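Asker:
There are 2 protein chains.
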Amino acid sequence: MNKIKPKYRHIQNYLKEQIQQGNYKPGELLPSENDLCKRFSITRTTARKAMDGLINEGFIERIHGKGSRVKERRHTLGLLNVKGFSEAVGEGVKTVFLQNPQKAKWSNEIGLPVSENEKKTSCIYFERLRFVGETPVMLEKNWFSDTVLPGFEKSEFVDGSFFKTLSQRYLIEVVGSTQEIRAEYAHEKQGQLFGIIKGTPLLHIPIKFSTTTPKLNIYSELYCETSSYPVANSYFI
Amino acid sequence: MNKIKPKYRHIQNYLKEQIQQGNYKPGELLPSENDLCKRFSITRTTARKAMDGLINEGFIERIHGKGSRVKERRHTLGLLNVKGFSEAVGEGVKTVFLQNPQKAKWSNEIGLPVSENEKKTSCIYFERLRFVGETPVMLEKNWFSDTVLPGFEKSEFVDGSFFKTLSQRYLIEVVGSTQEIRAEYAHEKQGQLFGIIKGTPLLHIPIKFSTTTPKLNIYSELYCETSSYPVANSYFI
DNA sequence: TAGTGGTCTAGACCACGGT
DNA sequence: CCGTGGTCTAGACCACTAG
Chain S
1 MNKIKPKYRH IQNYLKEQIQ QGNYKPGELL PSENDLCKRF SITRTTARKA
51 MDGLINEGFI ERIHGKGSRV KERRHTLGLL NVKGFSEAVG EGVKTVFLQN
101 PQKAKWSNEI GLPVSENEKK TSCIYFERLR FVGETPVMLE KNWFSDTVLP
151 GFEKSEFVDG SFFKTLSQRY LIEVVGSTQE IRAEYAHEKQ GQLFGIIKGT
201 PLLHIPIKFS TTTPKLNIYS ELYCETSSYP VANSYFI
Chain U
1 MNKIKPKYRH IQNYLKEQIQ QGNYKPGELL PSENDLCKRF SITRTTARKA
51 MDGLINEGFI ERIHGKGSRV KERRHTLGLL NVKGFSEAVG EGVKTVFLQN
101 PQKAKWSNEI GLPVSENEKK TSCIYFERLR FVGETPVMLE KNWFSDTVLP
151 GFEKSEFVDG SFFKTLSQRY LIEVVGSTQE IRAEYAHEKQ GQLFGIIKGT
201 PLLHIPIKFS TTTPKLNIYS ELYCETSSYP VANSYFI
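If you read the protein sequences in the order shown, they are chains S and U.
Residue numbers 1 to 237, in my numbering, belong to the letters of the first sequence in order.
Residue numbers 1 to 237, in my numbering, belong to the letters of the second sequence in order.
Here is the structure:
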């Protein structure tokens, strides 16, 4: 019944963990493609597909004739690709829950259209404020259908990461995202949270994350105070 | 001496042109992968690699068991991936040059670091204001080294597109981009251009485009008025 | 020159969609 | 059922980097 993870995704996740755990540091080279082939008994096509994924996620870059190098985690936030906050940065990041996961209504604050099927279900909501050091940089609101994640409200997040929780506890992976980006005035309440005056420009990013389960999309509204920590994004073919 | 374009990129560009010219309309299916194999005498690996590129650029989506469908050109701007404005939208778009391409100094308005080699060269600058219908939505400032594009100032743009000009006149392709995104107040002059009051929130996006020529990067500063036309972005693995 | 990534071939089997 | 895309194998040759 459940979908089988393809080989390349196993390798991809394995390498990603190695990088996240610091076993391969920025600037270092990953094992060569041929190494991976031998180690995991796969062909180069599969090895490359795994590394393609890591490139898309911004973890590595290929250097022709040399190898695949782990990329610097920029001190700006490597956000805005697939995946959330905790995966992107690792250092002086702090997260405060303003609202723990609990049942709620589908809000009309959600910027991207919620699918009809999901509207019929009930919905789980949570809200977090993210800091770099002591500076609040991102307010994050999340909605998703409660039909495929039984017991979600009651359990803790794995490593504090929502997406890691999805992956490890429910075997659900994020496979894509659609987003819009706007510049807006901060509302009163947002201003208080960020410690800025009402009317300061804020980045507003509605996102819809798609997952390996068609029944589950994550709808997020992000508000970012970009004066010290701009949002960043890289893309290579 | 010159780099040879790989097969998959030829196919990719061919299909992209077909879509841009409206031979395949949004919602329609492209030829199947097997069709492409026969038509161009290639294997599926190559056909898929070509289509992978189109997916990354947001032109198509794959539907398992069905085919590859041309995606709707959203009436929001499909910008923010690789490639510029004219490639992304096709309809009621207008462009006004505020400053034609001409020699200039490397400005300190450029947000992302200019490489040392490029700093030593002289630089070409141009500035455009982009409209959707009669609404100005984006102010675009561009700098790049003049060493690899002889005669650039004197010639017209191909189809009004800077990137198409690079591709067709100089055989240079954009292969990636790095960008930051900030929300800022509009300055006086920007406010006048957009017909908004000073202090309205604007999206500010410094971008560095990488090309097939290591000597050429395009440094852009975009300012977007997002209240009617937010910037958009999709990503799928 | 040895080892790396970049491209490509010629197959194979599977999962999914629609008839 | 057939045709589609999704994954994978087992090779090959080329272009680039570095000792």
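Every residue gets a Cβ at the ideal spot worked out from N, C-alpha and C, and that includes glycine.
Quick caveat: nothing in here was measured; it's all calculated off a predicted structure.
Specify the secondary structure class of residue 110/U as computed by DSSP and reduced to three states.
Answerer: In the structure shown, residue 110/U sits in coil (DSSP, three-state: anything other than H, G, I, E or B).
Asker: Give the DSSP-derived three-state secondary structure of residue 229/U in the structure shown.
Answerer: Residue 229/U: coil per DSSP, three-state reduction.
Asker: Which partner residues of residue 102/S appear in the DSSP bridge assignment?
Answerer: For residue 102/S, which the question treats as bridged, DSSP gives the partners 125/S.
Asker: Where does the unbroken beta strand (DSSP E) through residue 142/U begin, and where does it stop?
Answerer: Residues 135-145.
Asker: Measuring only the C-alpha atoms, how far is residue 158/U from residue 173/U?
Answerer: One C-alpha to the other measures close to 14 Å.
Asker: What residues are listed by DSSP as bridge partners for residue 29/S?
Answerer: The partner list for residue 29/S (beta bridge, DSSP) reads 69/S.
Asker: Straight-line CA distance for residue 211/U to residue 191/U?
Answerer: Looking at the two C-alpha atoms, the distance is approximately 32 Å.
Asker: Could you check whether the region 145-158 of chain S touches the region 178-190 of chain S, counting it as contact only if at least three pairs of C-beta atoms, one from each stretch, sit closer than 8 Å?
Answerer: Segments in contact, no.
Asker: Taking Cβ-Cβ distances below 7 Å as the criterion, which residues of the region 181-212 of chain S are in contact with chain U?
Answerer: Of all residues in the region 181-212 of chain S, 181, 182, 183, 184, 185, 201, 202 and 203 have a Cβ within less than 7 Å of some Cβ in chain U.
Asker: One question on the structure: do residue 181/S and residue 203/U come within less than 8 Å of each other, judged by their Cβ atoms?
Answerer: Yes; because the gap between Cβ atoms is below 8 Å, this pair is in contact.
Asker: If you reduce the DSSP assignment to three classes, tell me which class residue 183/U lands in.
Answerer: Reduced to three states, the DSSP call for residue 183/U is strand.
Asker: Can you name the residues of chain U whose CB is closer than 8 Å to the CB of residue 231/S?
Answerer: Neighbours of residue 231/S on chain U, chain order: 180, 181 and 182.
Asker: Measure the CB-CB distance between residue 70/U and residue 11/U and report whether it falls below 8 Å.
Answerer: No. Outside cutoff.
Asker: Drop a sphere of 10 angstroms on the beta-carbon of residue 179/S, count the other beta-carbons inside from all chains shown, and report buried for 16 or more, exposed for fewer.
Answerer: So residue 179/S ends up on the buried side.
Asker: Could you give the first and the last residue of the continuous beta strand (DSSP E) run that contains residue 202/S?
Answerer: Looking at the DSSP string, the run of the beta strand (DSSP E) that includes residue 202/S is 201-211.
Asker: Looking at C-alpha atoms only, which residue of 229/S, 8/S and 216/S is the closest neighbour of residue 115/S?
Answerer: When each option's Cα is compared against that of residue 115/S, the closest is 216/S.
Asker: Does residue 217/U come out as helix, strand or coil in the three-state DSSP assignment?
Answerer: Strand, per DSSP.
Asker: Closer than 6 Å by C-beta to residue 205/U: which residues in its own chain qualify, once you throw out the five before and the five after it? Chain order, please.
Answerer: Excluding sequence neighbours, residue 205/U sits near 179, 181 and 222.
Asker: How would you call residue 162/U, buried or exposed, if buried means at least 16 neighbouring beta carbons within 10 angstroms?
Answerer: So residue 162/U counts as buried.
Asker: Check whether chain U comes within 8 Å of residue 46/S, counting only Cβ atoms and requiring the distance to be less than that.
Answerer: No, residue 46/S lies away from the interface with chain U (no Cβ there is under 8 Å from its Cβ).
Asker: Kindly indicate if chain U contains any beta-carbon less than 8 Å away from that of residue 110/S.
Answerer: Taking Cβ atoms only, chain U never reaches closer than 8 Å to residue 110/S, which makes this a no.
Asker: Helix, strand or coil for residue 59/U? Go by DSSP, reduced to three states.
Answerer: Of the three classes helix, strand and coil, the one that applies to residue 59/U here is coil, per DSSP.
Asker: Just tell me which of 9/S, 144/S and 17/S has its CA closest to the CA of residue 102/S.
Answerer: With distances taken between Cα atoms, residue 102/S lies closest to 144/S.
Asker: Which residues share a DSSP beta bridge with residue 97/U?
Answerer: In DSSP, residue 97/U forms a bridge with 128/U.
Asker: Shorter than 8 Å from the beta carbon of residue 226/S to some beta carbon of chain U?
Answerer: Yes, residue 226/S counts as interfacial toward chain U.
Asker: Put residue 170/S into one of helix, strand or coil per three-state DSSP.
Answerer: Helix.
Asker: If you count every other CB in all the chains shown that lies within 10 Å of the CB of residue 32/U, and 16 or more means buried, which is it?
Answerer: By the 10 Å Cβ count, residue 32/U comes out exposed.
Asker: Please tell me whether residue 86/S has its Cβ less than 8 Å away from any Cβ of chain U.
Answerer: Note that residue 86/S scores 49 on pLDDT, short of 50, meaning its location in the model is unreliable and no value can be drawn from it.
Asker: Let me confirm a value: residue 43/S is counted as buried when at least 16 other C-beta atoms fall within 10 Å, else exposed. Which label applies?
Answerer: By the 10 Å Cβ count, residue 43/S comes out exposed.
Asker: Please state whether DSSP places residue 20/U in a helix, a strand or coil.
Answerer: In the structure shown, residue 20/U sits in a helix (DSSP, three-state: H, G or I).
Asker: Need the endpoints of the alpha helix (DSSP H) that residue 120/U sits in, please.
Answerer: Run containing residue 120/U: 116-120, per the alpha helix (DSSP H) assignment.
Asker: What do you reckon, are the CB atoms on residue 177/S and residue 209/S nearer than 8 Å?
Answerer: The answer is yes: Cβ separation under 8 Å.
Asker: Can you give me the C-alpha to C-alpha distance between residue 16/U and residue 165/U, rounded to a whole angstrom?
Answerer: Whole-angstrom Cα-Cα distance: 16 Å.
Asker: May I have the straight-line CA-CA distance separating residue 207/U from residue 106/U, to the nearest angstrom?
Answerer: Near 15 Å, if we compare the C-alpha coordinates of residue 106/U and residue 207/U.
Asker: Quick check on DSSP: helix, strand or coil for residue 165/U?
Answerer: Here residue 165/U sits in helix by DSSP.
Asker: Could you give the first and the last residue of the continuous alpha helix (DSSP H) run that contains residue 188/S?
Answerer: Here the alpha helix (DSSP H) through residue 188/S covers 188-194.
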